[in-house]
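Structure first, then comments.
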Amino acid sequence: METIIEVKDLVKVFHSRGRKITAVNDVSFDVFKGEIFGMIGPNGAGKSTIFSMLTTLIKPTNGSIKVAGFDADKEDDKIRPIIGIVPQKLSLYPDLTARENLELMGKLYSVPKKLMEERIDHYLQLVGLGSHADRFAGGFSGGMKQRLSVICAVLHDPQIIFWDEPSTGLDPQTRQAIWKLARKFNGEGKTLVFTTHYMEEADNLCDRVAVMNLGKMVALDTPENLKERSGSTNLEEVFIHLTGEEVRD
Amino acid sequence: MDVRTELQHSWIITVKEFRQLSRKKALMVPLFLFPIIMIIFFGYGMGGTVKDAPILIVNDDTGTASNSLIQHIGSYTGKYGGEPMFSITYTKDMSQSKAESKIDAGWYKAVLLIPPDYSEKLAKNESVTLILLTDSSDTTTTGIIVNYMKQLFSERGSVSLNVPNIYGDLEYLDFLTPAVIALTIFMGSVATTGSAIAGEKQDGTIVRILMTPVSRRAVILGKTIYQLILQLIRAAILIMAAYFLVGFHMNGSWLLVALVLVIFTLGGVGMGIVMSTRVNDMESFFQLNMLVTLPSMFITGVFFPLSSVPDWMRYIAYLLPLTYANDAMRTIMIKGQGLSAISTDLIILSLFALITFTAGVHLFRREA
Ligand SMILES: Nc1ncnc2c1ncn2[C@@H]1O[C@H](COP(=O)(O)OP(=O)(O)OP(=O)(O)O)[C@@H](O)[C@H]1O
Ligand SMILES: [Mg+2]
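Quick note, the sequences are listed as chains A and B, same order.
With positions in the first sequence counted from 1, the corresponding number in this note's numbering is that position plus 127.
With positions in the second sequence counted from 1, the corresponding number in this note's numbering is that position plus 11.
Set out below in structure tokens:
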């Protein structure tokens with residue numbers, strides 16, 4: 128299988144108010160081209176921090192990252208145009224309309240105007256926001272925001288989509304719709320990397336799942352193998368087994 | 012990344028900022044209306060009209076040309092009509108010091124001294140100077156009298172008016188307007204830059220922007236272009252309002268005014284960026300903003316001349332950039348002086364812009 132993301136000995140240490148926080152502690156893994164790769168772990172496990180480094184937003188304290196063959200440290204300008212990012216905070220301008228939010232992203236990714244408008248209309252229809260195109264994003268429900276946020280990230284037709292917590296706080300219908308969308312993008316050949324707290328989401332969507340805990344990657348395998356290894360029938364148990372029962376802050 | 016793409020990206024950000032501004036109707040009030048209201052308020056509060064102000068005319072003129080002048084003053088009823096503005100007493104052969112003592116005693120608000128050769132010089136079309144003494148303890152009334160007299164004499168070609176000791180003191184509006192513009196541009200650029208970034212941090216949009224192929228440099232440039240356009244428009248609106256609503260007169264170069272404002276805006280933008288990197292949401296930004304910019308408003312001599320404040324306050328004022336912007340604006344707009352007169356101010360303001368901007372870019376780069 129062709130590797131599209133290579134992560135080696137990744138470390139990220141934050142210095143916040145004199146305290147040292149090791150958010151990511153020596154993590155190595157590969158993501159294969161065309162797979163759906165899930166990262167699961169309790170709050171503060173370091174998932175979003177890994178995302179920030181993979182998407183070249185922040186620099187690692189240590190270790191190396193290669194995305195589509197490009198070095199994240201030196202060739203971030205090569206990586207950025209080919210990845211799409213749906214941040215955990217939905218990151219939409221509340222005082223711009225849905226269409227204006229989309230156009231802003233399209234322009235920043237230098238999508239040609241005509242193609243951009245076509246894609247915007249297409250995707251708005253696809254996620255059922257066609258009739259809300261000219262409403263301010265600030266007035267959208269959580270589900271609408273999540274759907275708008277996703278299509279903001281794919282207007283430039285990225286090879287890899289990074290999706291931080293696609294379905295947190297959404298109702299079952301919206302979740303189903305989001306999963307369907309994820310499979311559709313994957314079906315078009317895009318690689319998907321996402322994070323989640325939900326076992327069933329990982330079980331349902333992922334080809335492989337990485338389990339994160341306290342900055343470390345404690346397991347990485349297919350959902351089936353993970354279940355088999357810990358002798359349980361659902362991932363929830365695997366997860367608790369691997370990460371412990373205590374609540375994180 | 013080539014320069015063209017960078018500039019295109021910056022412009023996309025600039026347009027986005029303007030679009031957001033157009034959505035924030037509530038922001039229009041503090042941005043455009045408050046400063047205008049301030050100028051009108053002070054303009055009329057300090058101006059307004061006067062009636063029956065006692066003035067003394069010492070007419071030593073040996074000819075008859077002064078008659079029409081005196082008549083004119085005597086019948087003047089002010090802008091809004093009604094009763095005569097002045098109640099006039101006439102005399103002759105009174106020395107300037109004697110006249111001053113009459114004002115000291117509170118008998119008159121002003122004394123106008125007409126020289127013996129008034130008619131003669133006027134007939135020969137030579138320049139002639141009249142002296143106007145005023146009661147500087149009553150700035151309101153004397154301000155109006157001085158304005159009126161100045162206007163009166165400006166219609167009479169070669170006649171000029173010498174008003175001892177009132178400079179900067181009496182024409183409060185002229186004194187105020189340039190500094191209000193500087194203040195407005197300063198507070199406006201710091202607050203709108205900083206709160207916008209703080210807001211974008213709060214809702215995560217800045218992170219999304221920074222994850223696109225756009226460089227941080229381009230984002231900052233886009234925001235700066237937006238601020239330069241916005242602040243210059245605000246300044247132009249303010250100057251027009253001051254001109255049309257309260258009769259402010261611009262004596263200097265527009266180009267220099269623009270230069271000072273551009274440099275000062277850059278400093279304000281830099282400061283807004285620096286401040287925004289210290290906070291994570293809008294509310295904390297505005298708290299910080301109060302702390303940082305409000306003292307400038309009261310200490311830097313926007314509303315009163317720095318020469319009239321205690322030493323310790325003046326020393327603090329010298330540490331604040333607004334002080335130098337005020338000075339530069341007044342030097343250009345009231346005194347009508349040129350580049351050399353404001354070179355120190357410009358150097359200090361440029362340093363301010365350079366330091367805040369460098370720090371802002373540096374801190375902003377480390378963000379997120
Ligand atoms: N900019 C930062 N400065 C300081 N500490 C940070 C910063 N970003 C993250 N952290 C810390 O790093 C750790 C990992 O955070 P991260 O957001 O990566 O976790 P996560 O797995 O995404 O959690 P969640 O499921 O809650 O989203 C946390 O302890 C967090 O407080
Ligand atoms: Mg997270």
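Each residue gets a CB set at the ideal place from its N, CA and C atoms; glycine is no exception.
Cβ shell of residue i (< 6 Å), same chain only, five flanking positions each side left out
i	result
B/A190	V313, N337
A/R246	L282
B/G347	N262, G263
A/K139	A150, V151, T176, P187, T188
A/S191	K135
B/K113	Y119
A/L251	G257, A260
A/V277	V213
B/D356	Y335, D338, A339
B/G179	Unreliable positioning characterises B/G179 in this predicted model, as indicated by a pLDDT of 36, which lies under 50. A coordinate reading is not provided.
8 Å Cβ shell around residue i - same chain, five flanking residues per side excluded
i	result
B/S98	D63, A64, P65, I66
B/T75	S130
A/L347	F156, R335, V336, A337, V338
A/K234	M243
Pair within 7 Å by beta-carbon distance, residue i and residue j
i	j	result
A/M180	A/P169	no
A/G173	A/G342	yes
A/L219	A/N228	yes
B/F197	B/G279	yes
B/L144	B/V69	no
B/L239	B/T276	yes
B/L360	B/Y326	no
B/L272	B/A246	yes
A/F178	A/F289	yes
B/F296	B/A209	yes
A/P381	A/G265	An answer regarding residue 381 of chain A cannot be provided, because it is not within the stretch 128 to 376 covered by chain A.
A/T183	A/A199	yes
B/A370	B/V230	no
B/D185	B/I366	no
B/N291	B/K212	yes
Under the three-state DSSP convention, the category residue i falls into
i	result
A/K139	strand
B/V26	helix
B/V170	strand
B/G179	With a pLDDT of only 36 at B/G179, under the threshold of 50, the placement of this residue in the model should not be trusted; the figure read from the coordinates follows. Coil.
A/E292	coil
A/K201	coil
A/V365	helix
B/S226	coil
A/N340	strand
A/I192	strand
A/T224	strand
A/H230	Correcting the residue type first, residue 230 of chain A is Glu in the shown sequence and not His. Looking at A/E230 - three-state DSSP - the assignment turns out to be helix.
B/D214	coil
A/I185	coil
B/D356	helix
B/T16	helix
A/E245	helix
A/P349	Looking at the sequence provided, one finds Thr at residue 349 of chain A rather than Pro. A/T349: coil per DSSP, three-state reduction.
B/V372	helix
B/F53	helix
B/L365	helix
B/G233	helix
B/F164	helix
B/I244	helix
Beta-carbon contacts of residue i that lie in its chain and below 7 Å, excluding the five residues immediately before and after
i	result
A/P214	D291
B/E111	L144
A/F197	K205, I206
B/G199	L42, Q242, R245
Contact belief for residue i with residue j at Cβ below 8 Å, rounded distance in angstroms
i	j	result
A/V154	A/T318	18 Å between Cβ atoms; not a contact.
B/S307	B/L331	5 Å
B/D71	B/D104	7 Å
A/E202	A/K160	About 18 Å; that fails the 8 Å criterion.
B/N173	B/T140	5 Å
B/T188	B/F255	So it is not a contact: roughly 12 Å between Cβ atoms.
Problem set entry | Every unbroken beta strand (DSSP E) inside the region 142 to 178 of chain A [3 residues or more] | With a minimum length of 3 residues, the continuous beta strand (DSSP E) runs that stay inside the region 142 to 178 of chain A are 146 to 159, 163 to 167.
For this session: Give, in chain order, every unbroken run of the alpha helix (DSSP H) that is at least 4 residues long and sits entirely within the region 264 to 341 of chain B.
Result: 265 to 287, 293 to 310, 322 to 330
For this session: Could you tell me which uninterrupted alpha helix (DSSP H) segments, each at least 4 residues in length, are contained entirely in the region 70 to 158 of chain B, listed from first to last along the chain?
Result: 76 to 86, 107 to 115, 129 to 134
Problem set entry | beta strand (DSSP E) runs contained entirely in the region 268 to 334 of chain A, provided each spans 3 or more residues | 287 to 291, 318 to 323
For this session: Would you list, in chain order, the members of the region 237 to 263 of chain A that have their beta-carbon closer than 9 Å to a beta-carbon of chain E?
Result: Absence of chain E from the displayed structure is noted, the protein chains being A and B.
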